[in-house]
Every structure is written in structure tokens, then in C-alpha cells.
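For reference, the structure is listed below as C-alpha cells.
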Amino acid sequence: MTGLLAYATYLPVGRIEKNRVVASFDEDSSTLGVAAAQALVGSGPAPRYLYFSTSTPAYADKTNATTLLAALGLPSTVFASDLVGTGRSTAAGLRAARLTGGLVVTGDVRVGKPGSADERGGADGAAALLLGDGDVIAEILAEVSESAEFLDRWRSPLSRTGEQWEERFGFEQYATLVRTAAGRALDAAGIDEADHVVLTSPNAGVSKKAGSLVKGRLSTSGNPVGFLGAGDLAVALAGVLDTAAAGETILLLSAVDGCDAWVLRATELLPSRRQTVPLAAQLAAGRPVPYLTYLSWRGLVERELPRRPEPDRPAGPPSARSASWKFAFTGSRCTACSFLHLPPLRVCRQCGGADAMEPVRAADLLGTVATFTVDRLAFSPSPPVVDVVVDFVGGGRTSLEVADAVPEEIRVGTEVALTFRSLFTAGGVHNYFWKARVR
Amino acid sequence: MSSNGIADKVAIVGMGCTEFGELWDSSTDDLLLDAVGECLSSAGIGRDDVDAFWLGTLGSGQSGLTLSRPLGLDYKPVTRVENYCATGSESFRNACYAVASGAYDRVMAVGVEKLKDSGFSGLLRADPPADGTAAELSLTAPAAFSLLDPAYCAKYGVDPTQMRAAMTHVAWKNHVNGARNPKAQFRSEVSKEKIEAAPRVAGRLGIFDCSGVSDGAAAALIVRAEDAYDYTDRPIFVKALALASGPMRGGLDPAYDFTSFPEVLASARDAYRQAGITDPAAQLSFAEVHDCFTPTEIVLMEDLGFTAAGQAWKDMLAGDFDADGRLPVNVDGGLKSFGHPVGASGLRMLYEAWLQLRGEAGARQLADPHTALTHNLGGRPGGCVSFVSVVGNEPGVLIG
Numbered sequence: 007m008t009g010l011l012a013y014a015t016y017l018p019v020g021r022i023e024k025n026r027v028v029a030s031f032d033e034d035s036s037t038l039g040v041a042a043a044q045a046l047v048g049s050g051p052a053p054r055y056l057y058f059s060t061s062t063p064a065y066a067d068k069t070n071a072t073t074l075l076a077a078l079g080l081p082s083t084v085f086a087s088d089l090v091g092t093g094r095s096t097a098a099g100l101r102a103a104r105l106t107g108g109l110v111v112t113g114d115v116r117v118g119k120p121g122s123a124d125e126r127g128g129a130d131g132a133a134a135l136l137l138g139d140g141d142v143i144a145e146i147l148a149e150v151s152e153s154a155e156f157l158d159r160w161r162s163p164l165s166r167t168g169e170q171w172e173e174r175f176g177f178e179q180y181a182t183l184v185r186t187a188a189g190r191a192l193d194a195a196g197i198d199e200a201d202h203v204v205l206t207s208p209n210a211g212v213s214k215k216a217g218s219l220v221k222g223r224l225s226t227s228g229n230p231v232g233f234l235g236a237g238d239l240a241v242a243l244a245g246v247l248d249t250a251a252a253g254e255t256i257l258l259l260s261a262v263d264g265c266d267a268w269v270l271r272a273t274e275l276l277p278s279r280r281q282t283v284p285l286a287a288q289l290a291a292g293r294p295v296p297y298l299t300y301l302s303w304r305g306l307v308e309r310e311l312p313r314r315p316e317p318d319r320p321a322g323p324p325s326a327r328s329a330s331w332k333f334a335f336t337g338s339r340c341t342a343c344s345f346l347h348l349p350p351l352r353v354c355r356q357c358g359g360a361d362a363m364e365p366v367r368a369a370d371l372l373g374t375v376a377t378f379t380v381d382r383l384a385f386s387p388s389p390p391v392v393d394v395v396v397d398f399v400g401g402g403r404t405s406l407e408v409a410d411a412v413p414e415e416i417r418v419g420t421e422v423a424l425t426f427r428s429l430f431t432a433g434g435v436h437n438y439f440w441k442a443r444v445r
Numbered sequence: 004m005s006s007n008g009i010a011d012k013v014a015i016v017g018m019g020c021t022e023f024g025e026l027w028d029s030s031t032d033d034l035l036l037d038a039v040g041e042c043l044s045s046a047g048i049g050r051d052d053v054d055a056f057w058l059g060t061l062g063s064g065q066s067g068l069t070l071s072r073p074l075g076l077d078y079k080p081v082t083r084v085e086n087y088c089a090t091g092s093e094s095f096r097n098a099c100y101a102v103a104s105g106a107y108d109r110v111m112a113v114g115v116e117k118l119k120d121s122g123f124s125g126l127l128r129a130d131p132p133a134d135g136t137a138a139e140l141s142l143t144a145p146a147a148f149s150l151l152d153p154a155y156c157a158k159y160g161v162d163p164t165q166m167r168a169a170m171t172h173v174a175w176k177n178h179v180n181g182a183r184n185p186k187a188q189f190r191s192e193v194s195k196e197k198i199e200a201a202p203r204v205a206g207r208l209g210i211f212d213c214s215g216v217s218d219g220a221a222a223a224l225i226v227r228a229e230d231a232y233d234y235t236d237r238p239i240f241v242k243a244l245a246l247a248s249g250p251m252r253g254g255l256d257p258a259y260d261f262t263s264f265p266e267v268l269a270s271a272r273d274a275y276r277q278a279g280i281t282d283p284a285a286q287l288s289f290a291e292v293h294d295c296f297t298p299t300e301i302v303l304m305e306d307l308g309f310t311a312a313g314q315a316w317k318d319m320l321a322g323d324f325d326a327d328g329r330l331p332v333n334v335d336g337g338l339k340s341f342g343h344p345v346g347a348s349g350l351r352m353l354y355e356a357w358l359q360l361r362g363e364a365g366a367r368q369l370a371d372p373h374t375a376l377t378h379n380l381g382g383r384p385g386g387c388v389s390f391v392s393v394v395g396n397e398p399g400v401l402i403g
């Protein structure tokens, strides 16, 4: 029976006032999704379906899930598709994956008007849920939905920031939907009450007053991170999976234009297969970002940039030819002398052998800084650029920008890992590539 | 190395060089006309007497038309070349070969760059459409060369304060030299305090650690050595021309430590063999080297064999490479003060050799120089092209 096999969340390190989680200038919903999903691929067979849900897609008219597919190094036989729009999109992903198995990834960069409740109450982040048969960490006992049309929250597709009707109006609508969906879900699961209730909603009143609508035997919670758009329900679920004990039940409620409800039961495998860093620890590990810097990252203020030309957009054919490098960070290893080339080359730099190479995915390798510099002249959406020459454990060297850089933290010998980011956007094209991040 | 060299087969019999700087009132065409005009008159010939032209420019024009149009040349062969910041030297190298081959009697090498029309700081790149992953896209030239500084300190155990002082000495020296050069972009001495207090550009490089971004042009007329005295009683003979283009291994190979340019070592070895040089520091009278950024000049002193590895910072501080030191380096101010109009720079280095070896360098004239080296580099640590020439004012074996 299809259940949950694994889960992971990713919260960016930036924080503005009152611990509001903010993605860096080089992160978008797709890169956040890659960061969350990276931990769930690589070991075991590749999923056959990849559903990517977001309310803030990096591209329209182009599938974002294929960016994730490429960055995660998944094969072309995977069906990768977007589910774009609202928190409901992730419900669609979960429903689909329950039928087909596969990876549900959700990521969002939520933007509110400066100083608004949306800005304060929102959050940026991502989650990934792997569904399938076999050694599940949680069974899905029930799945029901209520759908409704009313005006609580909306956004023009051309606008970065959204609107909301009076909160109490939406709350009243949702209260009925949540109670109904919860009752139906518990009935379907054959239980009177759940051990844990997780209720998320774009209506802040609903998540705040969750306890007055449905109560869990042990806990009742909303999303502890903040409203995450499409990521809301998956991130909140992860927060409960971080602590739930084997055998406990979870009623997951997502109140978005109706209410979707699932009842899950943790198996005895959950305690040993939780994500490596719990959501609470990710939330606590932030670093302040100056508010003006944050506004410039979102394009809400325009800062003066170095007197340098803006970069050209990445070109389609070269990007396609080098997709395994650009997206999956796959180099080539000489089969004669084992020298690792990052980027991949056809002629070995060590032994001179030609066309005797095998591909090596290096995205999960760790490395150390061989030398570094802070470039105050280079174009960047958020100068200065910090660059490092990285020597990887087991061989291989390449030069990379540093993500979430604190120049003072970097020394020769600093240990780094890799993270998928968007270097810049030019001509509407996101220049996706990997950066180093301090471990 | 397999190059045979063309030692003493060709000579420079005329040169021209414009003032370098922010020449808002001069177009690329104006710069070309000025440099070519000075070159022709110094050789005492007319435009139509030149059989062929080589033109070096990184980005101020494409094709031979960039030169034939402003000069109004009637159907002469003009070849445009580009080899990053070694473009001017590449123009010269190919022009020399054209004469040495016997194909032409009189060939002019020209280099030009008009950098100050872009409105941007530093050099611009004109890369082919790409996948957006190249490190060069985000790492500017000063940042790439700033990698030398911490790596050099780490390898040789140099206190960063001492290294900073050595870098400062390079900038200070080249400003002192530039102050004695009426064609230099920067003609004033700058105190060491001011150099070290300047705003940072990349790593520990401040603005005074960077070469001048400028407009300018230079030209040389090359003839067969045996014809040289028909044009001037003080020709300059070409002893060696070497070029090395790297495999860009340094950026991929953890064995590379960012304290040396393998391309410079290779080109110097080739040039010294062609010229019969065994002890460059003793046999050369002076050198013009590619001081794009101050740490570059320090590393080049070692790669060109002017001092031992790990010693250049000390020698620099001791004044060994000052105008009155044991081996004057960049006595015209170098890229730092003369300025760096990319396509012209390699020929500008030869222009200083031309003046010094003929005793025409005015306030900065060295005593009785006989042999000079020019070194011109394009690219960055980890992958570059490196050019070395040796020229002298006498044909035949070098004076030791």
C-alpha cells in the first residue's frame, strides 16, 4: 500500500524581523525545492513521478519540475510536472502521488507588501515527500476533500503580492469546511480522534484558532514557520513527523478554497527515518538579513550596482548540451588515470587521453577552500561576490561562487558543500548553477 | 620547446605610441592614425611603402577593415588578431614572422584599444553564447588575480603585512616611473599610505593595485635585419619571440597552487633559449612585464627567472626592480601607470624598449641598456596566454 517513504524540508538561512524566513536573492521556488528534495534521491531506485507544486513559479510556459529533475540527476523516464497556483496544488500532488507513488516537492518564495501582515506572516521554504510502496514511515489511512468558491485570498498573476478579504469572513467559511472535512476523514480512517492535528491555511485566523476547530489528543498545530503558500501543508506535516511516535495518528488539514484532509499513522520505521535536521532546528538556525537588502532581493527597492555590464542570458543550446554539468553538477573522470574534471572535458588534463571518460555526479561531494576572494567589482544582484576555488574530497577542483556568503567566515581550508542556485536572471532566463556553501 | 626562433632575422626600424589615458576626444580611428603616423615618420617612409599590416585589438573593432578604413589603405593585406591582453604582442609576433618568412619587406604591427567609451569599470568580455556556468562570468580580472596574494603568503609563509607592503611597493614604483613618462595615463607619484588606504576592488587589491583602464594605440615597423640600417642607425633587433597558451589545468587540478603561471615559465624558457639567455637577471638590461595587478608583477619576477621562487616579495621591497635597482622593471610606469589599452599594451612595452635602447627615454633614460625583455599575459591564474620577447640594440650574441 502506498504510503510515505521519506520527507525533508529546507528553510533558507535568511531572517528578517521576528524570525521571518526569507530566501536569498539566488533562491527561487525551484532551487528551494531542489534543496529539500536532494536528501530524498540518490539512494534507492529513482521515483517515476515528480510533482512540483508552487504558488510562485520561477517560469510560466515552461515546466519548472524539469529543472528539479535535471538538478536532482533523475532520469528522463520520470514524469515531471508542475502543479501551480495555491496551497491546493500540493494537495493535488499528494493525491496524485498516492495513486502513482513518486516525489512531491513544493517550494515557495512568498512576498508581501513592505510592512504588511503578509510580509510578516509569510515564509519562504520547501518540502519534499516521497511516496511509494514498501518500508513506509507513515501509512495514509484516509483522504477526503471539500471544495468551495468564495473570496478570501487572491492575487493577480501579474502581481508579486496578494490581497485578502476581511479575515473573519474567510474564517467563518473555513470553520465549517474544516469541521466537515475533519469529521469525514476521521470516519474514513475509523478513528474518533487523531493524536496530532495539523491545520494550515492562507487565512491566518484559521491556523491561529486551529484548536477551536479540531483538537488533537496530543497536539494541535499550524505551520510553525509561517504561511508558505503551496509549501504550507507539507512543511507543517514535516514538523509533526519530526516528533510523532510510532503508531500515532496525524490528521492533516489544508484549508485552501475548501479543505483537504488526510489521516496518517506513523509506523515503527518513522523514529529512525526522520529528516536529519528537524524543522525546529532549521528554523532556529537563521541569520539576520538587513531589511533594505531583503527588499532589494525582491525587487522592492533598486540599489546601485557596480559599474559593470549585466550578464548575457544563458543560451539554450549550450545549456542543453551541458545540462548534466549545469544542472546536475556531473563531471568526467578519466578511465585511464582517474583524474576528475569539473566541468567535464573530453581530453584528460592529467594523462592526455581523449574520450575515455565516465560521468561522475559531484553535486553531493564535499570539499575545502583552496583559495578565495571577495570581488567588489563583479556584477551581482547582491554584491559583493565571494568566490572560492574548491578542492573536492577524492579529487577534482572547480571555482564557484559562495551562497549565503559571510566573507569573514571563509578561510583557506574552510569546508564546503554544494547548493543549487540561480546565479542571476537575464532576459527572463534564470541562470541555474551550483554554488559552494559553508558547512 | 620546438620553436626555432628568428633571432636577428628582423628588426624594428620605427615605432609610434599615443598618449594613454581617458582620451574622451579621440576615437579609435584617431588613435590608429596617430600611432601609425608617428611610426611611419620615425622610419622615414610613407603609408604606401608598408607591404602588410597586422592589427591587434580585443574589442575596438573587427577585421582588417578596422585599420584599412581609417587609414584609407588601398587593398593592402591587413590581418586583425586577438589574444586577450597579449593582443598587441600577438600582432607584433605575427608581423615579425611575415617579414622573416620573406613574404614581405616592410610590415607594420599595430595595436589599439578604446576602453573608455563603454561607461563601465574594468574590461568587458565578449564571450560566445554559453551555458552561464563559467567562473569568468562572475569573477572579474582583479578578483582572479587577487587569488595570488593569499596563496603566495600561504605557500612561502609570508606575513600578509609584508606581502601587502611588497604589493604596495609595486604600485609605488610604477607610479614613480610613470611620473617621468609624458605619455603615461598617471603621471604623479602616489604615497604608500594612499595606496594602502584606497578602496578595495577585490580581495586585498585596492584601486592602486590595478592597472589603468585607458585608451591608446601603438605601432612598430618591422623589416629584415640586413635592411635595418637603411631606415635608422639605431634599429632594434628581435632576439626571441615566444608564446605559450595553457590547457587551463590550474582551475581543475588541486595540484596547482596559484603562486606561478606555468604559461609564463614555458614562454620564458622558449624565449631564453632562442636568445641564448642563461642568466636573465644578469643579461637583461631591463624588463617590461605584465603588471596588470600588483601581485602579478611579484609572481612574474620569479616565473621570468629574475629571482628565486619565494624571494620576489623581498627583492621587490629591497628595490631590486626600481629604476635604479639591479634590474629595472616597468621603467615606463607599466600597465599600472602608463595604462592598459589592451590591444596596444604589448606594443607599448616594445615602444619603451625602443626608446631606452636608442637612448631616447628622456627623464627615465637608463644608462647604456643593450637588451630588453617584454612580457605580456592574457587570461588569468589557472589559464592564460603568455608572450615573451627579447630585443637588443646589436645583432649577434648577447653581451653577458
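Protein sequences, first through last, are from chains P and A. Residues in the first sequence are numbered consecutively from 7, following this note's numbering. Residues in the second sequence are numbered consecutively from 4, following this note's numbering. Backbone N, C-alpha and C fix where the C-beta goes; we use that ideal spot for every residue, glycine too.
Around the beta-carbon of Ser270 of chain A, 16 or more other beta-carbon atoms lie within 10 Å, marking it buried. Against chain P, the CB of Arg203 of chain A has a partner CB under 9 angstroms away; the residue lies at that interface. The Cβ-Cβ distance between Cys88 of chain A and Phe264 of chain A does not fall below 9 angstroms. Contact note: Asp134 of chain A reaches chain P through Pro320, Ala321, Pro324, Ser325, Arg327, Ser328, Trp331, Lys332, using a C-beta cutoff of 8 angstroms and chain order.
Sorting P:Ser278, P:Ala369, P:Arg190 by C-alpha distance to the C-alpha of Arg427 of chain P places P:Ala369 at the top. The three-state reading of DSSP puts Ala251 of chain P in coil, since its state is none of H, G, I, E or B. One thing to note: Pro387 of chain P has its Cβ within 9 angstroms of the Cβ of Phe430 of chain P. Annotation: Met166 of chain A to Leu208 of chain A spans about 12 angstroms, alpha carbon to alpha carbon. Judged by their CB atoms, Ala191 of chain P and Glu149 of chain P are nearer to each other than the 9 angstroms cut-off. Along the segment 194 to 254 of chain A, the alpha helix (DSSP H) occurs as fully enclosed runs of 4 or more residues at 195 to 200, listed in sequence order. Relative to the Cα of Arg314 of chain P, the nearest Cα in the group A:Ala46, A:Lys79, A:Gly125, A:Gly219 belongs to A:Gly125. Nearest to Ser153 of chain P by C-alpha distance, out of P:Val184, P:Ala200, P:Glu308, is P:Val184. Going by beta carbons, Lys339 of chain A and Gly206 of chain A fall outside the 9 angstroms limit. Residue pairing for Trp440 of chain P: DSSP places it in a beta bridge opposite P:Phe426.
Cys88 of chain A is bridged by DSSP to A:Asn86.
A distance of 9 angstroms or more separates the beta carbons of Thr164 of chain A and Ile198 of chain A.
In the structure shown, Ala134 of chain P falls within a strand segment according to DSSP collapsed to helix, strand and coil. Rounded to whole angstroms, the separation of the alpha carbons of Tyr16 of chain P and Ala41 of chain P is 6 angstroms.
Under the three-state reduction of DSSP output, Gln165 of chain A falls in the helix class. The count of Cβ pairs closer than 8 angstroms, one atom from the segment 397 to 413 of chain P and one from the segment 283 to 297 of chain A, stays below three, leaving the stretches out of contact.
CA-to-CA, the gap between Gly8 of chain A and Tyr275 of chain A works out to about 10 angstroms. Using a Cβ-Cβ cut-off of 7 angstroms, Asn437 of chain P is close to Gly135 of chain A, given in chain order. By the Cβ test, the segment 359 to 374 of chain P is in contact with the segment 332 to 347 of chain P, since at least three Cβ pairs between them sit closer than 8 angstroms.
Remark: fewer than three beta-carbon pairs, one from each stretch, lie closer than 8 angstroms, so the segment 296 to 306 of chain A and the segment 390 to 398 of chain A are not flagged as touching. If you look at Phe175 of chain P, you'll find it in the alpha helix (DSSP H) that goes 173 to 195. By the neighbour-count definition (other C-beta atoms within 10 Å, threshold 16), Glu169 of chain P is an exposed residue.
Counting the other Cβ atoms within 10 Å of the Cβ of Val53 of chain A gives 16 or more, which makes it buried. Among the residues facing chain P, Gly160 of chain A is not included, as its CB has no counterpart in that chain under 9 angstroms away. Contacts between Thr143 of chain A and chain P, judged by CB atoms closer than 7 angstroms, involve Asp381, Leu383, Ala384 in chain order. For Trp160 of chain P, the three-state secondary structure derived from DSSP is strand.
Residue contact check for Asp306 of chain A against chain P: no CB pair falls below 9 angstroms.
Contact between Thr90 of chain A and Gly64 of chain A is ruled out by a C-beta separation of about 12 angstroms, above the 8 angstroms threshold. In the structure shown, Thr69 of chain A adopts helical secondary structure according to DSSP, grouped into three states. Listed in chain order, the positions of the segment 259 to 274 of chain A with a beta carbon within less than 7 angstroms of a beta carbon of chain P are Phe261.
Spanning the alpha carbons of Ala52 of chain P and Phe95 of chain A requires a straight line of approximately 58 angstroms.
The C-beta of Glu363 of chain A has fewer than 16 other C-beta atoms within 10 Å across all chains shown, which makes the residue exposed.
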